[in-house]
Each structure stands twice: as structure tokens, then as C-alpha cells.
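Peer 1:
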Amino acid sequence: MRHIFTIMAFGSITASGFAQSEHGQVAQRIEALRSAGGSFQGTTLFTEAVRSTTTDALWDDAIAEATVLQLRPADVEAVMRDQPAQMALYLPFEGTTIALDLERASITTDEFSVIQASTGTEASTPAGVHYRGMQRGVPGSVVAISVFEGEVMGMISGDAGDLVLGRLQGSNNATHVLYRREDLRDAAAPSCGTVDDGLPYTEEQLQGGPKTLKCVRFYWEVNHDIFLGKGSVALATTYVTGLFNQSATLYANDGITVALHQVFVWDVPSPYTATTTGGLLGQFGDYRTSFSGDLAHLLGYVGGGGVAYVNTICNGQTRYRMAYSDINSTYSNVPSYSWSVEVVTHEQGHLLGSKHTHACAWNGNNTAIDGCGPAAGYSEGSCAAGPVPSSSVGGTIMSYCHLTSAGIKFSNGFGPQPTTLITNNVNGASCLGSGCGTTPPACAAPSGLVAGSVTATSAALSWGSVAGASTYTLQWKPTAGSVYTTVTGSTSTSYQLNGLTPSTAYHFQVLAVCASGSSANAPLASFTTTGGTCTDAYEPNGVTPKQIASNVTLTALISSGTDLDWFRFSNTSGQRNIKVTLTGLPADYNLRLYRSSSLLASSLNSGTANDQVVYNTSTVSTNYRVRVNGANGAFNTSQCYTLTVQISGTPFSMQGLEGMVEGGLDGNDDTALIGIHPNPASTLVTIVLPPADVPSAVELLDGTGRLVGSWNVAAIEGGTNLVLDVSDRAEGLYMVRVERGGESVVQRLVVVR
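Numbering (our numbering), first residue to last: 255 to 1007.
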């Protein structure tokens, strides 16, 4: 029976105690690097093309909306040459700039090779560097970027949905497009010929650790039609390795380690001539009686989807360790990688043991995780249909949700139960090695994690020692939080935590670092601090601000979803510059700085991350105001936040203010801000000023808050543009401040080289 293929159904039903896997591990890794002081070298590989009928004609037959980008060859060459361990990539998109924090990834085994069919010998491997990471400021986002000579392939699953980045087919001038995959006009859905017959999963199969301890090595075979479409062995290899990076990143985001071991390219006609997925998989099994790797995958341009065997990692018959996927390189000259990422990741998920999420096999009671299959007319079993997720939630990789209004989101990954199932299958596979190549296996994960002597604000953490470990890495966070605090280089098997929040649940994890590498994280351990009391001495201050000192640290409560806390302070002629910091947050709170009723700056970091604003100014006032409120009605009736207000004669540094949002010139949160284009910039940058009936003063400040340039602009009724040359400015973060009629607005500018 043939089934329509889709992926990424929302795993909304999880029985108690199931699925201890931890999703979002790519973003967690990036956040840990940042917390440890890791340096992310800023770069922009593209400039945005000026939109015109000519640029629209490049893509409007295939997609509803797109941003056209021109590759910057010198920047690409620099990345290819230097291969930075981490980098911050800035991408223009729909009039704004997306910041991506990336870490270099190794997607192949140490013995990786490319074989061409015509000679049966090894071909040269095209140069390329692969990255994975997250969209800055978007917890749970996931990004994969591959940089080749003259081409960049990318997948971004963040706050704008799932985005596709790639080069237009036949583009000799390196023209790329960036677009939402939902805007692709062709609604054809890939299909999956895999039938989920067999026994349901037991409770034990759906419980396990957060990460695989072994590596699955894939052998990918590239059919002749892909070679013809790409034009050479090198270009076909470039495409499939970029595709593998995107798929491997989705696996890594759920803690599953996979690597590409060998690519075989049919540069002559192949024996695979069938026109259906089942027929092609059968021919693949008949012809390819051995291969280099653990699991094999044939890729081609025909068949209408994919097919694979289920749970065959160590099967003794080679043909059962295989899958076939009909991938799509382009649609009407526009790159359409997302379809290919879906099908290969889904089919390999079958090989690793996962059924479809609408199968009557999950939750420990033979029921379905979701109902996307039945909603589209496809059932597997006689159990009741599960729920269909909303379009804002989307589906997961092993689902049929793209046949419904739910759609799919790559950032959802496999979902808790399929992830745990695959993790257990990989860790229990005797035929798999512990590393993705010749690298010696890493040491064991610590055990016996304990939190002792727990008080309202402290806890003593300890764990068992690991043979061969030189140091340990500890991560901890509030259970409801999204950002880990990371402690590296500890030679002890204990650590004292202080400054915790009363009546708060925390969890922590530890990994061992040996000469051969790092272990997996130990399973999460949890503890809850004892209750504490917090007295708010500043209420009522929801309307009239309470006067506070100019240099002060205080604690207060947001006690309801409508509670606002207002504070008022002064600066002086000798100490004009202002820094306000909000820490110890029990929930997602926002911080804003005003002068009278004019908004000067805001920090709207998500979750319990600290907020901070800096306002280096020449204006002395007795009516600076701070507002603290819960985001989307967040509050806590017993746990205080900590607010620190500082003034200084020395400008405060503006580095690290990723969460800062600027205010409007008339003091309203929703006024139009000044515009800065392009941003990031390397040569000329245009400051777009809104209409005004008084002159404007424009100032440029560097990352330390030092004034490095100033300009006076006459009042223009219809607004005006100020063009600045930043070609002689050092790379980094700057602030553009516009003062007009006693009010001001601050906007960030990134200068790149």
C-alpha cells in the first residue's frame, strides 16, 4: 500500500516518564559557547540586490516572495580559507537583518571518500566548510549553512518560519535567493512507501538518555540523473554534502550523531532504471550487495518520494539496510532544498527504527502521537486518531502533517518519543562504533549526580568520578529557563551553587573531558530550592514612579499579569551616562528606560535571561524613568527581581546588548524608528530620518560608547536621508543616536569587512 510522505508532526502526547531526550541541542551548544566567552567572528557573505522587475523575474514563477542576494566573493574566500570555528553570519531578509550564530561542523568521517562510477576510483572532494547553529535571540531555532566556492546552501528554522537559502540554477553571477519554504508555489507533496506494520513500542523503548553515544555512518549513492542535472561529479558531490549537512543538523539538534562516510556518483548510466520508489529500492538492493558504511541511501530525481525499511541498523542482509529518496534540487530554477531535507531525514529515521507518528504504536499504550495521517486520509492501525497540531506549532519529521493545515517546522525535530526511540536503537546497536571515524572513543559519562544541602539560595552538586577524565563541564539552569550557565575546566567532582532563586526547580548535567574527547552529558538531575520571602517596599508604583537613588540595587515584585513597576531617578552634570540592569528574573520580564514620557531604550530578552540598557547621554534630567513589566502577562507572586541603576562620568560599554530595542523619537513604543540601510554595512550606509519640524543631531558611538562622529541635519518636513561612509571604521557594533527637540532614539549598526 502506498502512503503519502510528510514529516514533522507535533509530538503533543507523551506518557508520563517517556522521552527523556532533550531537543534543541544545537542552540544549547551555541548558548554554552557564548556563556563561556566564545568569540563569534562577524561576517556577511551577501549584499541585498535592489528590488526591480528584473530581480523579481528571477523567482516569481516559483515562489510568492523572496529576497535576492548577491554573493560577496572576497568574504566567501575568507571563510573558505580561514574556516573560523565560530562565526556570526548576517543575512538581509525582507528589509531587516537576520543574525545567525554558527559553529563549524564536521559532517563526514575521517575516512570520507567520493567514488566515481566510470572508473571505480576515488575522485577529489570539493572544498567546502559546514556550519550549524541558531538564529540569535530565538531559543529553539536551528540553522545549517554550507559554504562552497561560489555557492552557499542554507536552512534556517527560526522566528520567520523555515527559510531556504541557495543559488539560482544557471546563475553564473552567484545570485542567491532567501525565502520561506511555505512560499514555494508548487504544492506537490513527496510520498513515502514505507508501511509501519509490526509491533508497537514498549514503554522501555520510549525511555532513555538525551544523546547517542555511537555514530551512524551513511553511504550515499547519487544516481545518474542527478549527475546530469548538476553537470559534474564535483557539483553533484557539493549538492549532496550540503544536503547532508542540513539533515545531519536536524539529527544533531535531537542529540543523534550521524556522519557521511562515502559518496558514490554515477557519472555513467546506472542500473537503477525503475520509475517508482519501491522499484528503485529493489534494484538498489539487487545491485549494491556491499557498501562502505552502516546504512545506505540511494538518491535520484524520480519516484515521487521515498521508501525505507524500518529498524534495520544491524540487519545481516545488506538490502534491508537501505533507503531510496526522490530529491528535488530546484523548481523553476529556484533552489528547493527543503523537500530534499524532509525526505532523506524521514527515510533515514525509518532505518533507525521510527514508524510514522500517526501509527498506533506510541505512548506505551498503542496509540498515535498525532492525527495528521488520518486527517489526510491515511491511517496505520485501528486506534483513535491523535490531535492535529495548529499551524503555529507545526509537525515533526516522522509525520504526515504537511498534508494538513498544520504544516511542518524543522525546528520541531523528530519529537520526544521518536527521538528517544532512535537514541536507544543507536546506543543499543552492537554493529556501530563509538566514533565517526578513527578518533578514539570518548570517555564515559559521569553518574551519581546529586544535589545536597539545598537551601533557598544554594545547593551543593556532586557526581561520580570518571576514569581518564581530566576535567568536567557542568551546566545548570532553572527548569523553566532556556539558557544554561556553563562551568568548564573543573577538576573536582563537586560544585557549590549560590545566588539561586527560592522555591525554584533547577536541573543540571555534567560531562567528562578526556584526552580522547568529551563524553555525552549524564542524564539530567533535578532539585528545587526551598521557599523564601521577598518584600516589595516600592508598591504602589504602577502609575506614579517611586523615587530611587541614582546608584542603587533594589529588589521588587511583579505580582500579577497587569502589574507595572515604575521608578524615577536623576543623573548629574558630572555623571550623565546611564546603565540599568535587570537580573534574577523568575519569569520573562521586560526593561525600558524613559526620560519623562519618551522611550530611550528597551531590553526585551526572552525567558529569564538578564536585561540591560545603556544610555550614554549629554542630557541632565531629574525625570529618568525605569519600567519593569512581565512579558505577555508573566509574573511571580513570591520571587523578586533585582534592579540596578548606575550613572557614571565615563560612557558605559554597549557591547553585548543583543536584546536592546530602540525607542521612537516621540516616546511611543510603536513609533517608526530611524532606518539604517544596509545593515550590516561595509562602505556607505544610509540613515533614514523621519519627518521633523526641528533640526536633528546624529551621533555615531563605538562599542565602548565613545563618540566617533556627529552631524547636524536641518528640519525637513518630508524626512531626509543622511549617507555616512564607514569604510574606515573598524569592524564591530556601533550605535547611531538621533537627538531632536530634547528627545532621542538609538539604533544599532554593524560594520563588517
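Glycine included, every Cβ here is placed at the ideal spot set by N, Cα and C.
1. Who are the near neighbours of Gln-537 in its chain, counting only those whose CB is closer than 8 Å to its CB and skipping five residues on each side?
2. Restricting to runs no shorter than 3 residues, where is the beta strand (DSSP E) found entirely within the segment 866 to 891?
3. Based on the DSSP secondary-structure assignment, which residues constitute the bridge partners of Asn-966?
4. Measure the C-alpha to C-alpha separation of Ser-544 and Phe-472 and round it to an integer number of angstroms.
5. Does the segment 764 to 783 come into contact with the segment 850 to 869, if we say contact requires no fewer than three beta-carbon pairs (one atom in each stretch) closer than 8 Å?
6. Helix, strand or coil: how does DSSP classify Phe-906 here?
7. Report yes or no: do the segment 704 to 711 and the segment 494 to 502 share at least 3 C-beta pairs separated by less than 8 Å?
8. Can you tell me which of Ile-832, Thr-904 and Asp-842 puts its alpha carbon nearest to the alpha carbon of Glu-890?
9. Quick one: what's got a C-beta closer than 8 Å to Ala-377's C-beta in the same chain, skipping five residues either side?
10. Looking at the strands, I want to know which residues DSSP matches up with Leu-847.
11. I'd like to know if the segment 549 to 563 and the segment 384 to 393 are in contact, where contact means that at least 3 CB-CB pairs between them fall below 8 Å.
12. Can you list, in chain order, the residues of its chain with a C-beta nearer than 7 Å to that of Gln-500? Leave out the 5 residues immediately preceding and following it.
13. Tell whether a beta-carbon distance below 8 Å holds between Leu-751 and Trp-730.
14. Assuming Thr-747 contacts Thr-727 under a Cβ cut-off of 8 Å, what Cβ separation, rounded to an integer in Å, is found between them?
15. Whole angstroms are fine: how far does the CA of Tyr-455 sit from the CA of Arg-1002?
16. Assess, as a yes-or-no matter, whether the segment 888 to 906 is touched by the segment 803 to 821 under the definition of 3 or more beta carbon pairs within less than 8 Å.
17. Going by DSSP, which residues form a beta bridge with Arg-434?
18. Identify the continuous alpha helix (DSSP H) that holds Gln-337 and give its terminal residues.
19. Give every residue of the same chain whose Cβ lies closer than 7 Å to the Cβ of Trp-616, excluding the five residues on either side of it in the sequence, and list them in chain order.
20. State buried or exposed for Pro-589, treating a residue as buried only when at least 16 other CB atoms are found within 10 Å of its CB.
21. Please check the pair Val-680 and Lys-833, which I expect to be a contact at CB under 8 Å, by giving their CB distance rounded to whole angstroms.
22. Per DSSP, Ala-723 forms a beta bridge with which residues?
23. Which residue or residues does DSSP assign as beta-bridge partners of Asp-580?
24. Give me the Cβ distance between Asn-886 and Ile-941, rounded to the nearest whole Å; I'm assuming they're in contact under 8 Å.
25. In whole angstroms, what is the alpha-carbon distance linking Ile-928 and Thr-321?
26. I'd like the span of the beta strand (DSSP E) that includes Glu-993, first residue to last.
27. Look at the alpha carbon of His-931 and the alpha carbon of Met-576, and state the distance between them as a whole number of angstroms.
28. Round the Cβ separation of Ile-513 and Ile-676 to the nearest angstrom and send it over; I've been treating them as touching at under 8 Å.
29. Ends of the alpha helix (DSSP H) at Ile-284?
30. Grouping DSSP H, G and I as helix and E and B as strand, with all else coil, what is Gln-423?
31. Pull up the distance between the alpha-carbon of Gln-801 and that of Ala-353, whole angstroms please.
32. Roughly how many whole angstroms lie between the Cα atoms of Ala-562 and Val-598?
33. Among Ser-372, Gly-483, Gln-461 and Ala-723, which has the Cα closest to the Cα of Gln-423?
34. Should Ala-318 and Asp-437 be called a contact, given that it needs their Cβ atoms to be closer than 8 Å?
35. Any contact of the segment 457 to 467 with the segment 338 to 358, i.e. 3+ C-beta pairs under 8 Å?
36. Please report the straight-line C-alpha distance between Val-948 and Val-990, rounded to a whole angstrom.
Peer 2: The structure says:
1. Pro-525, Tyr-526, Thr-527 and Ala-528
2. 878 to 884
3. Ala-951
4. 13 Å
5. no
6. coil
7. no
8. The sequence given here places Asn at residue 890; Glu does not occur at that position. Of the listed residues, the one whose Cα sits closest to Asn-890 is Asp-842.
9. Val-368, Ile-369, Gln-370, Val-487, Ala-488, Thr-491 and Val-519
10. Ala-855 and Val-880
11. no
12. Ala-398, Met-409, Tyr-591 and Val-595
13. yes
14. Actually they do not touch by this definition, with Cβ atoms about 12 Å apart.
15. 52 Å
16. yes
17. Leu-417
18. Run containing Gln-337: none; DSSP gives neither H nor E here.
19. Tyr-455, Ala-622, Ile-623 and Gln-671
20. buried
21. About 48 Å; that fails the 8 Å criterion.
22. Cys-768
23. Gly-554
24. Their Cβ separation, rounded to whole angstroms, is 33 Å, which puts Asn-886 and Ile-941 out of contact at 8 Å.
25. 22 Å
26. 986 to 994
27. 50 Å
28. Here residue 513 turns out to be Ala, not Ile, going by the sequence shown. The pair is not a contact, with the Cβ atoms about 15 Å apart (cut-off 8 Å).
29. 279 to 289
30. coil
31. 38 Å
32. 10 Å
33. Gly-483
34. yes
35. no
36. 19 Å
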